[in-house]
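Q: With numbering that gives the first Met the number 0 applied, the sequence shown covers 0 to 384. Note that CB positions come from ideal geometry on N, CA and C, so glycine has one too.
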Amino acid sequence: MATMTEHLPATAAVAEAAPLLAFVSAGGVLLGHGQAAALPRGPAATLGARVGDFFRAAGPEAVLAGALPFAREAADYLVQPRRISRALPAAPAWAPARWRLTHEPDAAGYAATVQRALDLMARPGAEPLTKIVLSRSLVARAERPIDLGALLPRLAADPAVTAFILPLPDAGGAPRVLAGATPELLLSKQGRQIRSHPLAGSARRQEDATADANAAAALARSDKDRREHAIVADFILDTLAPFCRRLSAPHGTTLFKTRSMWHLGTAIEGELKDEGISSAELAALLHPTPAVCGLPRERAARLIGEIEPHDRGFYAGAVGWCDGRGDGAWHVSIRCAEIAGEQARLYAGAGIVPGSDPWAEAAETGAKYAALLAALGIEMEEKRP
0 MATMTEHLPA TAAVAEAAPL LAFVSAGGVL LGHGQAAALP RGPAATLGAR VGDFFRAAGP
60 EAVLAGALPF AREAADYLVQ PRRISRALPA APAWAPARWR LTHEPDAAGY AATVQRALDL
120 MARPGAEPLT KIVLSRSLVA RAERPIDLGA LLPRLAADPA VTAFILPLPD AGGAPRVLAG
180 ATPELLLSKQ GRQIRSHPLA GSARRQEDAT ADANAAAALA RSDKDRREHA IVADFILDTL
240 APFCRRLSAP HGTTLFKTRS MWHLGTAIEG ELKDEGISSA ELAALLHPTP AVCGLPRERA
300 ARLIGEIEPH DRGFYAGAVG WCDGRGDGAW HVSIRCAEIA GEQARLYAGA GIVPGSDPWA
360 EAAETGAKYA ALLAALGIEM EEKRP
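1. Quick test of the definition: if touching needs 3 or more C-beta pairs under 8 Å, does the stretch 281-294 touch the stretch 232-239?
2. I'd like the list of long-range same chain contacts for E307, defined as Cβ closer than 7 Å, with 5 residues on each side in sequence excluded.
3. Measure the CB-CB distance between L29 and G316 and report whether it falls below 9 Å.
4. Assuming D273 is part of the alpha helix (DSSP H), what are its boundary residues?
5. Compute the beta-carbon to beta-carbon distance between V78 and I338, rounded to the nearest angstrom, for a pair I have assumed lies under 8 Å.
6. Who are the Cβ neighbours of A17 in its own chain at under 7 Å, not counting the five residues just before and after it?
7. In terms of residues, what are the limits of the beta strand (DSSP E) holding D322?
8. Does DSSP put I303 in a helix, a strand or coil?
9. Under 9 Å between the Cβ atoms of H196 and T265?
10. Closest to S247 by CA distance: which of E268, P91 and H228 is it?
11. Report all residues from its chain with a CB closer than 6 Å to the CB of T4; omit the five preceding and five following residues, and keep chain order.
12. Looking at the strands, I want to know which residues DSSP matches up with L198.
13. Cβ atoms of V160 and R334: under 9 Å apart, would you say?
14. Please list, in chain order, all residues of the same chain as A347 whose beta carbon is under 6 Å from its beta carbon, the five residues on each side excluded.
15. Please state if the CB of A180 and the CB of A155 are separated by a distance shorter than 9 Å.
16. Between the C-alpha atoms of L7 and G65, what's the straight-line distance to the nearest angstrom?
17. For Q189, count neighbouring C-beta atoms within 10 Å of its own C-beta (all shown protein chains included) and say buried if the count is 16 or more, exposed if not.
18. Where does T101 land, buried or exposed, given buried means 16+ other C-beta within 10 angstroms?
19. Report the residue ranges of all alpha helix (DSSP H) runs contained in full by the stretch 139-164; include only those spanning at least 4 residues, in chain order.
20. Three or more C-beta pairs under 8 Å: does that hold for the stretch 271-283 against the stretch 241-255?
21. Identify whether W93 lies in helix, strand or coil by the three-state DSSP scheme.
22. Just the C-alpha distance for A212 and P152, rounded to the nearest angstrom, thanks.
23. In the DSSP assignment, find the beta strand (DSSP E) that holds H250 and state where it starts and stops.
24. Who are T238's beta bridge partners in DSSP?
25. Look at the alpha carbon of R301 and the alpha carbon of A37, and state the distance between them as a whole number of angstroms.
26. Report the rounded CA-to-CA distance for L117 versus R298, giving the unit in angstroms.
27. Within this structure, are the beta carbons of A35 and G376 separated by less than 9 Å?
28. Do the stretch 275-284 and the stretch 41-55 meet, that is, are 3 or more Cβ pairs less than 8 Å apart?
29. With a threshold of 7 Å on Cβ separation, who are the neighbours of E227 within its own chain once the five nearest residues in sequence on each side are excluded?
30. For my contact list, L150 and A178 are in at a C-beta cut-off of 8 Å; report their separation, rounded to the angstrom.
31. Grab me the residues of S136's own chain with a C-beta within less than 7 Å of its C-beta, minus the 5 sequence neighbours each way, in chain order.
32. Cβ atoms of G327 and A279: under 9 Å apart, would you say?
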């Protein structure tokens, strides 16, 4: 996210304690204060046109930031902050709390869902399904409202991620936000230059250095994980290619690590034919990638709606910002939670391909809760019965 602050309007160095929205990474800080306007809401297919209309009126210095939902037909939520700042305020002290956790479903229920998907993949004569990503949810309830000002720096403690807190549409009750620490860059754009860094194929980090190195090596040589990753990287390359005069993955597939997970990643770089296309429009074309949905995308999305017991909402969509020049950065909204008052609903998913082990996938989703659980101060370990 090194281009996060490029072209953004200069502002005072001191930020308010409670910004409307925030993005924080090793590459920079973007805090939005107050709301000047909102983008008319709509589905992914119309985002490019709506963003273009907005900036023709708002001008090149304006910034839109927000979230795209997982379902392409569902309405997005992007707002224009009144003011942008680039300095984090002093964080209030984190106060530990008592939590009550509810799995939806638990590891056994999730493993059963994975097996159902594998059975569908193997069914003779069925419409082909190369990959499907299945998620589960964990509801954490605290004894008091969650302090978002104290949570943000805890989310940003890992330099490999982009921490974010974004407002969500009013649903009645306490105001909602989407908060997370995503490691996955969907797309960034600066002028004609674009980047994407898809991640697919994962393994849990280990405390012991030797065990951690072994986990990384096992992931690197895993046929199942490399197949899963190739599906995602090829989809992104194929989707972006018509818009680019140059597009490549110069370093191939490599290992990428966060504090809690190893991933297979492919850094993709390109040069656009038309500098005028916005980062928001390109992000809407890409999302949801097979890293969070599956392939074919339409069938996988339909089955996810039938199989999963919860509505994903803005989980596994995209979060990011775009300015009036079309520059911006968008990230896959994973390692995240929907927070309202004292409740946080966490989400985690795993890619299912032929050969997946249902219990191994359940363990992977449990590991992916770790970043949010640590930020919230929750200790949890699921065990296979």
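A: Once the coordinates are examined:
1. The stretch 281-294 vs the stretch 232-239: in contact.
2. L133 and S134
3. no
4. Premise fails: D273 is in no alpha helix (DSSP H) and is neither H nor E.
5. That belief does not hold up - the Cβ atoms of V78 and I338 are roughly 17 Å apart, past 8 Å.
6. G148
7. A317 to D322 is the span of the beta strand (DSSP E), which, as asked, contains D322.
8. For I303, the secondary structure class from DSSP, reduced to helix, strand or coil, is helix.
9. yes
10. E268
11. Any answer about T4 is weak, because its pLDDT of 37 lies below 50 and its placement is not dependable; what the coordinates show is given next. Cβ neighbours of T4 beyond the five flanking positions: G27 and R85.
12. G264
13. yes
14. So the qualifying residues of the chain are T364, K367 and Y368.
15. yes
16. Because L7 carries a pLDDT of 38, less than 50, the predicted location of this residue cannot be relied on, and no value is offered for it.
17. buried
18. Looking at its Cβ environment, which holds fewer than 16 other Cβ atoms inside 10 Å, T101 is exposed.
19. 147-154
20. yes
21. coil
22. 28 Å
23. H250 -> no beta strand (DSSP E), and no H or E assigned at all.
24. BP columns for T238 are empty, so no partner.
25. C-alpha separation (whole angstroms): 30 Å.
26. 14 Å
27. no
28. Yes, they touch.
29. K130, A199, G200, G350 and V352
30. 6 Å
31. Hits under 7 Å: E103, H309, R344, L345 and Y346.
32. yes
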